[in-house]
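Encoded as structure tokens, the structure appears first; notes follow it.
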Amino acid sequence: MIVLKSGQLRERDCRSELDEFASFLLAGKDIKETDLLDFFEARPQLILLMGRLVGVEGATQYNNETPIIGKYRADFVVSNDNNSTFAFIEFENAMESSIFTKKINKKTLAHSWSLRFEHGYSQVIDWYHHLHENNGTQNMQAEFGRHNIKYYGALIIGRANSLNKSDCRHRFEKRIECSTIYNKHITCYTFDDLYEEMELEYQILSGFK
């Protein structure tokens, strides 16, 4: 059975953790995956807010390093209070070469997709396959307390400025927009874009108590 912690978005705490996130991103150009995981693990407001962006309205439960029906593991999981909707989130590192390689392919004049991006993206695809195959089964009931859940997957990777070269931003956005698995998109943000979207979400929710 999945084990989750209870939480609640609070305006003051959320504001404080968002400011810490902004400072964290400004402090380093390249950030290791372990440093990102440790940073978020200590800040539940950011985890819950991230879950809302991925698709969980009323996000109130979360955890890190959480198994997915025994086969895979998500860096972060966020759900609503009745465990009917889940966000499964994968982190990769935040470096210039996280999404595209630094070097241009001389034969095509295009940057190649990085192995790091392909690994993270494929990880979320594997989650979708696994959850789809188990939806409606006793495995799903045993793991989530119900036979069917609504679920979303996300990959958070890289830095926004790395997409400014050549046509990288356009290719990145089109890949995310046009790719579906079982009619589901995979949410994908750079860490800088994640912060910007969190700020917008905070402004929308700034009236909560």
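Numbering (the working numbering), first residue to last: 5 to 213. Just so it is clear, CB atoms sit at the ideal spot from N, CA and C, and this is done for glycine as well. Computed from a prediction, not measured in an experiment: that's the story for all the values here.
Taking 7 Å as the cut-off, decide whether the C-beta atoms of residue i and residue j are in contact.
i: His115; j: Ser183; result: no
i: Lys188; j: Thr89; result: no
i: Ile190; j: Gly157; result: yes
i: Met99; j: Asp39; result: no
i: Phe121; j: Glu37; result: no
i: Phe92; j: Trp131; result: yes
i: Glu201; j: Ile6; result: no
i: Asn138; j: Asn152; result: no
What residue range does the alpha helix (DSSP H) around residue i cover?
i: Thr184; result: Per DSSP, Thr184 belongs to no alpha helix (DSSP H) and is neither H nor E.
i: Thr38; result: Glu37 to Glu45
i: Asn143; result: Gln142 to Phe148
i: Ile6; result: Premise fails: Ile6 is in no alpha helix (DSSP H) and is neither H nor E.
i: Val58; result: Pro48 to Val58
i: Ser20; result: Glu15 to Ala31
Straight-line CA distance for residue i to residue j?
i: Ser118; j: Lys106; result: 9 Å
i: Lys213; j: Gly149; result: Note on Lys213: pLDDT 47, under 50, position unreliable in the model; the coordinate value appears next. Their Cα atoms are separated by approximately 30 Å.
i: Leu52; j: Lys110; result: 43 Å
i: Asn97; j: Glu205; result: 23 Å
i: Thr141; j: Ile108; result: 47 Å
i: Gln207; j: Thr112; result: 43 Å
i: Thr194; j: Ile160; result: 6 Å
i: Asp79; j: Met144; result: 19 Å
i: Glu177; j: Tyr186; result: 19 Å
i: Gly74; j: Arg19; result: 35 Å
i: Gly11; j: Ala46; result: 13 Å
i: Arg173; j: Glu181; result: 12 Å
i: Phe43; j: Thr64; result: 19 Å
i: Glu203; j: Ala164; result: 16 Å
Which residue marks the beginning of the beta strand (DSSP E) containing residue i, and which one marks its end?
i: Arg77; result: Tyr76 to Asn84
i: Gly229; result: Any property of residue 229 remains undetermined from this structure, which presents the chain solely from 5 to 213.
i: Gly157; result: Lys154 to Ile160
i: Ala98; result: Here Ala98 belongs to no beta strand (DSSP E), and DSSP marks it neither H nor E.
i: Glu69; result: Ala63 to Ile72
i: Ile190; result: Ile190 to Tyr193
Thinking residue i and residue j are a contact (beta carbons under 8 Å), I'd like their distance in whole angstroms, please.
i: Pro48; j: Tyr66; result: 6 Å
i: Leu50; j: Asp196; result: Leu50 to Asp196, Cβ: 14 Å. No contact.
i: Leu227; j: Ile72; result: Nothing in the structure corresponds to residue 227, since the chain is present only between 5 and 213.
i: Ser102; j: Ser166; result: 7 Å
### Query
Is the region 13-24 in contact with the region 81-96, if contact means three or more CB pairs nearer than 8 Å?
no
### Message
Under 8 Å, with one C-beta from each stretch per pair, do the region 122-139 and the region 50-60 reach the 3-pair mark?
### Response
Taking 8 Å as the limit for Cβ pairs, the verdict is that the region 50-60 does not touch the region 122-139.
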